[in-house]
Structure formats: C-alpha cells, structure tokens
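J.: Sharing a structure here in structure tokens format.
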Amino acid sequence: MKGVKVVGFGHYCPENIISNKDLENIVDTTDEWITKRTGIKERRISSGEGTVELAYKAAVAALKNSNCGSDDIDLIIVATTSPDKIMPSTACSIQGLLGCNKAVAFDISAACSGFVYSLIVASSLIKGTDKKRALVIGAEVLSRIVDWNDRGTCILFGDGAGAAVIELSNEEEGIVSTCFSSDGGLGEKSLVAGQLELNTPFAKEKISEKRYIEMKGAEVFKFAVSVLPDVVNDLLKKADERIENIKYIVPHQANLRIINEAARRLDIDKDKFYINVDKYGNTSAASIPIALSELFEKGLIKRGDKIIIAAFGGGLTWAGALIKF
Ligand code: COA
C-alpha cells in the first residue's frame, strides 16, 4: 500500500515581538480585552522581512530536520494570502533560493486552511504522479494587509512561516484521512482582503484598491466553532478511529475561545488541543505548521502517535488531516 508520511518540520517567525500593551499605543484597546476575547498575549511582526524570506528560513529548517538536500525535493507548494509579489509565486522564489532545480513549484490560496489544502494536494500528487517528495510551506506577512487603525482586526494577526517535508512511504504511518471544503458565498460576505484596483482605459467603472482585511468577527466566530468539531468528527469517521486514540488536535490558532468552544462541543479535555495562539496570534496559513514544528521541537510527538490538524478560514474554507507518525 502506498502512503504518504511526514518526515520533518521547521518554522521561522520574525524576532520582533509586539505585545498587547504595545498595541495599546496604536489603537483604542487594552491587554485585558484582547486576552479575554482572544487568548492572544503577543504576536511576531515583520520589521522588514518579506513572505519569501520567512518561508525560506522555515524551509531550510524543515529540510535540515528531514535530512534532505535541495535535490531531494520534487514538489514545492506554498500556502499564502500575503505574498511579496503577484508574480513569481512565492513557491517559485523559494525554489530559486533553495536551488531545488528538479522541483515543480506553485502557490495555493486558501487563507488559513492553505497549509492543510497544500498538504492534501501534495499528498495526492505524490501518490498519483512521479513526484515523490514535497516541501509544503505556510507563510504569511499578514501585517501588510492588516488595517492598523482597526482595533477589531489588527489585534488578531501575526507574521510567520512553517514548513513540512512529506514523502512516499510503503509503511503504515502517514496521512491516514483528510477532508477539505469551501463555501464561497459565505466568504465574500464575512472575510475579505486585498481587492486589487481595476482602472484601465477599458473599465466602465473604476474598481478601487481595498487592501486591508475586513471581517465580520462574530459571523466568522460562529462559522469556526461549528466547522472545527465537524472536521475532527469527519476525519475520525473516515479513519475509523476514536478520539481517545488521538494524542493532539492541532487546530488553526485563531482565537482561544474558538478552541475552547470546539473542545466543549466535542466533549473532550482542552488539553488535547495544542495551543500557541498566545505567542503568535493568528498567522493564517502558517499557524498549523508552526504549531506542528513546535510540537516536534519539544519532543511531544513520538513514533506511533496519531494527531489531527484542523483548519478554517477565509474563502470560507475548512480542512483537516489525521496523521500517524
Ligand atoms: N479592544 C477593545 N474593544 C474592542 C476591540 C479591541 N481590540 N475590538 C472590538 N472592540 C469592541 C467593539 O467595538 C464592541 O464595542 P461596542 O459593544 O461598544 O460596540 C465590543 O468590543 C464587542 O465587539 P465584538 O466584535 O462584538 O466582540 P467579539 O466578542 O465578537 O470579539 C473578535 C471580537 C474579533 C475577537 C471575535 O469576534 C472573533 O474572534 N471572531 C473570529 C475572528 C477570527 O478568528 N477570524 C479569523 C478566522 S481564520
């Protein structure tokens, strides 16, 4: 049986730490409000590094932790909503920097579900084509699309990158079950960013640029607390697995209240969720690979452990995977 296993992880976040207290000097907010409503205490914000640079540093760490060289990589997928450029793709820039000359490289846009989408696409290509080993990265400099005058959103987000190397395997471990879905109608109404200008000699009506994240927080909250348990249950069902056998659930790190509510709805202990939203805020596509990389760095995952990753975000999108190590 052909499976796909995860070989190693890496992550990199900017060194610049911005605390809730720092944000009190920028918008009308308090450390107490942010902590109570979100669980976030601080986030990393780029003071000059772009998405390619963060992604590159995470990728170098993942390759090192996987004992892989540039020539071992056949496929590079980057999930991002905040690329440095529209063209070339972030993945192509990374390919050039790493010298992965025999790889094919492209980006995936699925907001905070982007890393899990990319993992699923990479895993399918590994099973179905001649690509046998992939570098999958989630990388964001969200601070460039955050409205630093909007206290309802700017307190939530952070910058960072995480990466994984996955490869074809004949062993039993690996990506056991997956799910991914989207709802475009709901996405346009509740969470948008980065509207590009259309101002050509042919445009009947000018469309202006609307760069920043605009969000109906309460609606997104409602969506998130409903899909997070659904993703977990779907993955367990597909894998014929029980929640008791799952060591960690690694959710998209958006808001501690969302995670607590998901734990309540799933009727499980909160400790089963790996949480680092307090340190990084919501880093969108980077949040799950950063968390996975930390779990490994801390030695919290052993061979044979099963974990679930579960994401949700703009699009709207949601996705998950059950992985056995
Ligand atoms: N500091 C202080 N007050 C703030 C604030 C801030 N940073 N942001 C909003 N407020 C105020 C609002 O103006 C409002 O004041 P009012 O009652 O006088 O009108 C009040 O707090 C409540 O605002 P509301 O937006 O209803 O708060 P909330 O409990 O829904 O929390 C979020 C807001 C954004 C934290 C919450 O909706 C959320 O986490 N949603 C999900 C967002 C998310 O995770 N998005 C990414 C998904 S990938």
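Read in order, the letters of the sequence shown correspond to residues 582 to 906 in our numbering.
Ideal placement from N, C-alpha and C gives every residue a C-beta, glycine not left out.
1) Roughly how many angstroms lie between the CA atoms of residue 737 and residue 619, to the nearest whole one?
2) Can you list, in chain order, the residues of its chain with a C-beta nearer than 7 Å to that of residue 805? Leave out the 5 residues immediately preceding and following it.
3) With three or more C-beta pairs closer than 8 Å as the rule, is the segment 813 to 823 touching the segment 784 to 796?
4) Restricting to runs no shorter than 4 residues, where is the alpha helix (DSSP H) found entirely within the segment 669 to 738?
5) Can the beta-carbon of residue 722 be found closer than 8 Å to that of residue 643?
6) Would you call the CB atoms of residue 696 and residue 646 closer than 8 Å?
7) Quick one: what's got a C-beta closer than 7 Å to residue 874's C-beta in the same chain, skipping five residues either side?
8) Would you kindly work out how many angstroms separate the C-alpha atoms of residue 712 and residue 652, rounded to a whole number?
9) Check whether the Cβ atoms of residue 883 and residue 755 sit closer than 8 Å, and answer yes or no.
10) Helix, strand or coil, according to DSSP, for residue 810 in the structure here?
11) Pick helix, strand or coil for residue 906, following the three-state DSSP scheme.
12) Please state the DSSP three-state secondary structure of residue 817.
13) Do residue 698 and residue 902 come within 8 Å of each other at the CB atom, strictly closer than that value?
14) Does DSSP put residue 832 in a helix, in a strand, or in coil?
15) Taking only runs of the beta strand (DSSP E) that begin and end inside the segment 732 to 809, which ones reach a length of at least 3 residues, in chain order?
16) Go through its chain and collect everything with a Cβ distance to residue 813's Cβ below 8 Å, but skip five positions before and after it.
17) If we require 4 or more residues per run, which alpha helix (DSSP H) segments fall completely within the segment 588 to 643?
18) Within the same chain, show all residues whose beta-carbon is closer than 7 Å to that of residue 690, passing over the 5 residues directly before and after it, in chain order.
19) Who are the near neighbours of residue 819 in its chain, counting only those whose CB is closer than 6 Å to its CB and skipping five residues on each side?
20) Is it the case that the CB of residue 767 approaches a heavy atom of ligand 1 more closely than 7 Å?
21) Under 8 Å between the Cβ atoms of residue 621 and residue 728?
22) Take the Cβ of residue 609 as the centre, count every other Cβ of all protein chains shown within 10 Å, and call the residue buried at 16 or more, exposed below.
23) Once the 5 residues before and after residue 726 are set aside, which same chain residues still bring their CB inside 7 Å of it?
24) Can you list the beta strand (DSSP E) stretches of 3 or more residues lying completely in the segment 873 to 901, in chain order?
T.: For this structure:
1) Between the alpha carbons of residue 737 and residue 619 lies a distance of about 8 Å.
2) Around residue 805: 835, 839 and 893.
3) Taking 8 Å as the limit for Cβ pairs, the verdict is that the segment 813 to 823 does not touch the segment 784 to 796.
4) Here the runs fully enclosed are 671 to 679 and 695 to 709.
5) The answer is no: Cβ separation not under 8 Å.
6) Their beta carbons are not under 8 Å apart, which means residue 696 does not touch residue 646 by this criterion.
7) Contacts found: 590, 591, 592 and 743.
8) One C-alpha to the other measures close to 12 Å.
9) In this structure, residue 755 does not lie closer than 8 Å to residue 883 by Cβ.
10) Residue 810: helix per DSSP, three-state reduction.
11) Note: residue 906 maps to coil in three-state DSSP.
12) Looking at residue 817 - three-state DSSP - the assignment turns out to be helix.
13) Going by C-beta atoms, residue 902 is not nearer than 8 Å to residue 698.
14) Collapsing the DSSP output to three states places residue 832 in a strand.
15) Unbroken beta strand (DSSP E) stretches of 3 residues or longer found wholly inside the segment 732 to 809: 741 to 750 and 755 to 763, given in chain order.
16) Setting aside the 5 residues that flank it on each side, residue 813 is surrounded in the same chain by 824, 830, 843, 847, 889, 891 and 901, each with a C-beta closer than 8 Å to its C-beta; the list follows chain order.
17) Those alpha helix (DSSP H) runs which fall completely within the segment 588 to 643 and span 4+ residues are 601 to 605 and 612 to 619.
18) Spatial neighbours of residue 690 in its own chain (CB-CB distance under 7 Å, excluding positions within 5 residues in sequence) are listed in chain order as 662.
19) Around residue 819: 758.
20) Incorrect: residue 767 has no Cβ contact closer than 7 Å to ligand 1.
21) No; because the gap between Cβ atoms is not below 8 Å, this pair is not in contact.
22) By the 10 Å Cβ count, residue 609 comes out exposed.
23) Counting only Cβ-Cβ distances below 7 Å, and skipping sequence neighbours, we find 663, 774, 775, 792, 793 and 794.
24) Correct list: 887 to 894.
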